[in-house]
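Numbering (the UniProt record's numbering), first residue to last: 1 to 196. Ideal Cβ positions, reconstructed from N, Cα and C, are used throughout, including at glycine. Just so we're clear, the structure is a prediction, and the values are computed from it rather than from any experiment. Input: a single structure, listed below in structure tokens.
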């Protein structure tokens, strides 16, 4: 006697609604119709040049990069961790604006966030750098000196920020917030995007 599965048990061919995903979630590396592939960090060492970029949701930037072997891939700021000079040169050429030579930057505004490995990663805009290609993602711990900006962002954010640390509103106004811009965590981390 053969067993039959219950009619409510989903099968591979079920017609249930599939979860919608954001374009900023980590991709599996399968080619898309436009021929670009999201690849692991180890391919970042083979960057030849940046050939273009796209802006998503007004703030996030994705770069089209030509590799030494002639193939192309999509990359984010994180992918340039091993080759920051290539990205800096591209940003300067696109915006006609040079990078601050002393390395000190003032956070103007927190624009968005996403959750990576259960921790919030914030997208910030730097004072004097309005073009989205200059935006950077920083961990909450890197924004300790601008809690007032984080509190303002969190109060108007539609998505709750999940964090191991509590978000407290500062009791006194903070002074100017300065941070060095940097490229943050590696692509090897799992990503989950929270859109605002």
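Asked	Found
In the DSSP assignment, what are the bridge partners of residue 72?	66
According to DSSP, simplified to helix, strand and coil, what is residue 84?	helix
Go ahead and label residue 88 buried or exposed: buried means 16 or more other beta carbons lie within 10 angstroms of its beta carbon, across all protein chains shown.	exposed
Give the single residue among 84, 48, 55 and 62 whose Cα lies nearest to the Cα of residue 68.	48
Between the segment 85-99 and the segment 136-153, can you find at least three pairs of beta-carbon atoms closer than 8 Å?	no
On the DSSP bridge list, what partners appear for residue 56?	60
Once you ignore the five residues that flank residue 55 on each side, which residues in its own chain have a CB closer than 6 Å to its CB?	61 and 132
Kindly list the residues whose CB is nearer than 7 Å to the CB of residue 90, restricted to its own chain and excluding five residues on each side of it in sequence; keep chain order.	50
Residue 125 bridges to which residues according to DSSP?	109
Name the two residues that bound the continuous beta strand (DSSP E) containing residue 138.	136-139
Distance check for residue 64 and residue 72, CA to CA, integer angstroms please.	7 Å
Could you tell me whether the Cβ atoms of residue 53 and residue 112 are closer together than 8 Å?	no
Are there 16 or more other CB atoms within 10 angstroms of the CB of residue 154, so buried, or fewer, so exposed?	buried
Give me the Cα-Cα distance between residue 76 and residue 147, rounded to the nearest whole angstrom.	26 Å
Specify the secondary structure class of residue 147 as computed by DSSP and reduced to three states.	helix
Residues in its own chain within less than 6 Å of residue 83 by CB, not counting five upstream and five downstream?	47
Please report the straight-line C-alpha distance between residue 74 and residue 140, rounded to a whole angstrom.	26 Å
Pick helix, strand or coil for residue 48, following the three-state DSSP scheme.	strand
Quick check: the Cα distance between residue 105 and residue 99, rounded to an integer number of angstroms?	10 Å
Decide if residue 39 is buried, meaning its Cβ has at least 16 other Cβ atoms within 10 Å, or exposed.	Residue placement at residue 39 cannot be trusted, given a pLDDT of 48 that sits under 50; what the coordinates show is reported in the next sentence. Buried is the call here.
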